[in-house]
Amino acid sequence: MNPTEYNSHNDGEETRRQLMYIDKLTEYVTGLTDKIGHAPKACVVTFGCQMNARDSEKLLGILITAGYVETEDETEADLILYNTCSVRDNANQRVYGRLGVLKGLKKAKPHLMVILCGCMMQEETCVNKIRKSYSFVDLIFGTHNIFKFPELACRVFESEGGIVTDIWAETDQIVEELPVRRKYSYKSGVNIMFGCNNFCTYCIVPYVRGRERSRDPEEILCEIRNLADHGVIEVMLLGQNVNSYGKNLDTPLSFAGLLRKVEEIDGIRRIRFMTSHPKDLSDELIDVCAHSDKICRHLHLPVQTGANKLLKAMNRVYTREYYLELVDRIRTAIPDISLTTDLIMGFPGETDEDVEDTIDLIRRVEYDNAYTFEYSKRTGTPAASYEGQLSPEDMKRHFDAVLSVVQETARARCALHTGETTEALIETVSDHDEGLVTGRLSNNLLVHLPGDESMIGQIIPVKLDVCKGFYFMGSRS
Ligand code: SAM
Ligand code: SF4
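Right, here's the structure in full:
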């Protein structure tokens, strides 16, 4: 278990208020411990992206500081928190499905505290549905006020029934220096910005995460120095569009400029970042990546579709020609870079020709991997009311056609590395074989090799012996 850390030097008033509430929460948790005869257990479940995973580490840090013990088993928990995602409808449906099960748990254990937070809670229809159908929930809060969690949890202990609800429409506040419980001892996500200003027409993120706000560079660097002091060797800088980092700071700083400063931090050996919007990816950034020993050889560059007509309808603000030219520039400057992407199939109006354009783009770029999604209609986004919504059958046909090409390209790219000697950061003992460990290469590929728990967190030289499609079996070299 990793120590709980305080993540920066900011001494804001709100931070002090919430630290005071953590003390108060600790008293309530002590009372609960006396009542149930053991330290209460907290189960934090994350849906969605790395940003949510990082938020969950903050929420868990607060709970552990107040006296809860972490568990991954909901049936033995005294507090269950779902940090939700609403990018696609199936994420929402999964939460409702699991809430049905929680209803039974709550009945059997009335002191169980059920908490919902994250993107879904910023949607009025979701909150109304929870109020109506899942009234056993104790606390609901959104994405803009997660720093208020200690105060809100205290309110649940003080409440005499009903759902404690606190949802903000917007914020420009960034509250620093609350406890964080990292999932991994050797790597960590680091938020560099929050929100998004891009309004891609299919996407709900700008509505549920608000406008773009960059963190002060000194706060970010201080957090990373602190992580390095606690043994972290890899950081992943997180934002919906890291390439527009710094534009709203009092003293603007480019993302490339921030990376240069992160590179100087002793102890940090690997730097990753996501996500990069193609429209904002600068030559300065390509240059910094090309000349860095620490920035990993992997760039996630979501294209969404290869059809110009759809890129326009999606409000992505680039054309396939621009994207392909950008890929050329990146590959020329960094020949060993691995490129991955996100693809949406079945956007309103998508024709067979559009799918051919996407397949053609995939073959030209030769992606190392791609996340492929069926378009999901999100209420409130412009695309939800576009004409030409596809039938489930056409959606699936388009999806399957693209997926098979993505897999073919990814397999071919992976195989190119067979026999290479490179470095891997050992992340876990393999789930399938206790005698194997799993390492991640700079280019984000995984390798399984003989080893044990003591290797976790080390960067070691490995030989990529056998390509197994999308990963390698290897050996220490
Ligand atoms: N900010 C990042 C960017 O611009 O690429 C990505 C954030 S979004 C949470 C991750 C991915 O989800 C997107 O790149 C897109 O492919 C997918 N996505 C977003 N909205 C979607 C929707 N309504 N239906 C299907 N996929 C969606
Ligand atoms: Fe959504 Fe587009 Fe913002 Fe990414 S850039 S979060 S896809 S609106």
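Mapping of the sequence shown onto my numbering: residues 6 to 482, in sequence order.
Glycine residues also receive a C-beta, built at the ideal position from the N, C-alpha and C atoms.
Give the C-beta separation of residue i and residue j to the nearest angstrom, bearing in mind that I take them to be a contact with Cβ-Cβ under 8 angstroms.
i	j	result
V195	E228	6 angstroms
R218	M198	6 angstroms
L344	V370	6 angstroms
V247	F260	5 angstroms
D435	T426	Reading off the sequence shown, one finds Ser at residue 435, where the question assumed Asp. Actually they are not in contact, since the Cβ atoms of S435 and T426 sit about 21 angstroms apart, beyond 8 angstroms.
N88	V49	7 angstroms
F52	A96	5 angstroms
V210	V92	7 angstroms
L286	L331	6 angstroms
Q55	M279	7 angstroms
I238	R277	No, I238 and R277 are not in contact; Cβ-Cβ is about 12 angstroms, not under 8 angstroms.
Y5	K188	The structure shown does not extend to residue 5, since the chain spans only 6 to 482, so no value can be given for it.
T363	V407	6 angstroms
Taking the alpha carbon of residue i as the reference point, which residue from the options has its own alpha carbon closest?
i	options	result
V100	I120, K112, L84 and E19	I120
T20	E181, K63 and L258	E181
T80	Q309, I67, A113 and V360	A113
I461	I145, T31 and L430	L430
I151	I135, T176, T356 and F378	T176
V322	K63, S409, H303 and F204	F204
K40	G105, Y26 and H116	H116
Q178	P155, K137 and D221	D221
G351	D333, Q309 and Y372	Q309
A417	L469, D373, L451 and P455	D373
E269	D255, L258 and S297	S297
L243	R59, G236 and E379	R59
I335	D94, G456 and H305	H305
S190	L144, S459, S249 and D78	S459
L37	K314, Y73 and E18	Y73
T170	R187, R136 and L450	R136
I367	T206, V410, L65 and R216	V410
T31	E413, G66 and S61	G66
K464	A338, E361, K299 and W173	Reading off the sequence, residue 464 comes out as Ile, not Lys. If we check each option's Cα against that of I464, K299 comes out closest.
T433	N57, E156, D359 and H453	H453
C419	G385, V471, E392 and H403	V471
D94	T130, G42 and L107	T130
H303	N448, I364 and K473	N448
R186	A71, P397, P340 and D333	A71
D292	P340, Y26 and M319	P340
E358	T384, T386, N313 and F378	N313
V161	F146, G102 and Y328	F146
K284	M125, L254, R325 and S61	R325
L24	H43, Q245 and C159	C159
K192	L84, K153, D234 and G393	D234
H437	H422, D78, P455 and H43	P455
K29	L157, E398 and C90	L157
N560	N202, C122 and I27	This structure does not reach residue 560, given that the chain is present from 6 up to 482, and the question cannot be answered.
G354	Y327, D365, G385 and L316	L316
Of all Cβ atoms in chain B, is any one closer than 9 angstroms to the Cβ of residue i?
i	result
T310	This model lacks chain B altogether, as it is built from one protein chain only.
Just to confirm the assignment, what range does the beta strand (DSSP E) spanning residue i have?
i	result
T324	Taken as a continuous stretch (DSSP letters only), T324 belongs to no beta strand (DSSP E), as it is neither H nor E.
E432	T426 to V434
I464	I464 to C472
S343	S343 to M350
S193	K192 to N196
V441	Note on identity: in this sequence residue 441 is Leu, with Val being the wrong assignment. From DSSP, the beta strand (DSSP E) with L441 extends over L441 to L446.
T377	N374 to E379
I367	First-last for I367: D357 to V370, but that is the alpha helix (DSSP H), not the beta strand (DSSP E).
I145	L144 to F146
P455	L451 to P455
R481	F477 to R481
T176	Note, T176: premise wrong, no beta strand (DSSP E); not H, not E.
M241	E239 to L243
T384	No beta strand (DSSP E) holds T384; DSSP gives it neither H nor E.
T170	V169 to D171
In the DSSP assignment, find the alpha helix (DSSP H) that holds residue i and state where it starts and stops.
i	result
H403	P397 to A420
N231	P222 to D234
Y207	No alpha helix (DSSP H) contains Y207, which DSSP labels as neither H nor E.
F154	F154 to E163
L264	F260 to E268
L37	E18 to I41
V132	E129 to S138
Which runs of the beta strand (DSSP E) spanning at least 3 residues fall entirely within the segment 271 to 314, listed in chain order? 275 to 279 and 303 to 305
Every unbroken beta strand (DSSP E) inside the segment 43 to 118 [3 residues or more]: 46 to 51 and 84 to 89
Taking a cut-off of 6 angstroms, which residues have a beta-carbon closer than that to any heavy atom of ligand 2, in chain order? C201, N203, F204, C205, C208, V210, P211, Q245, N246 and H282
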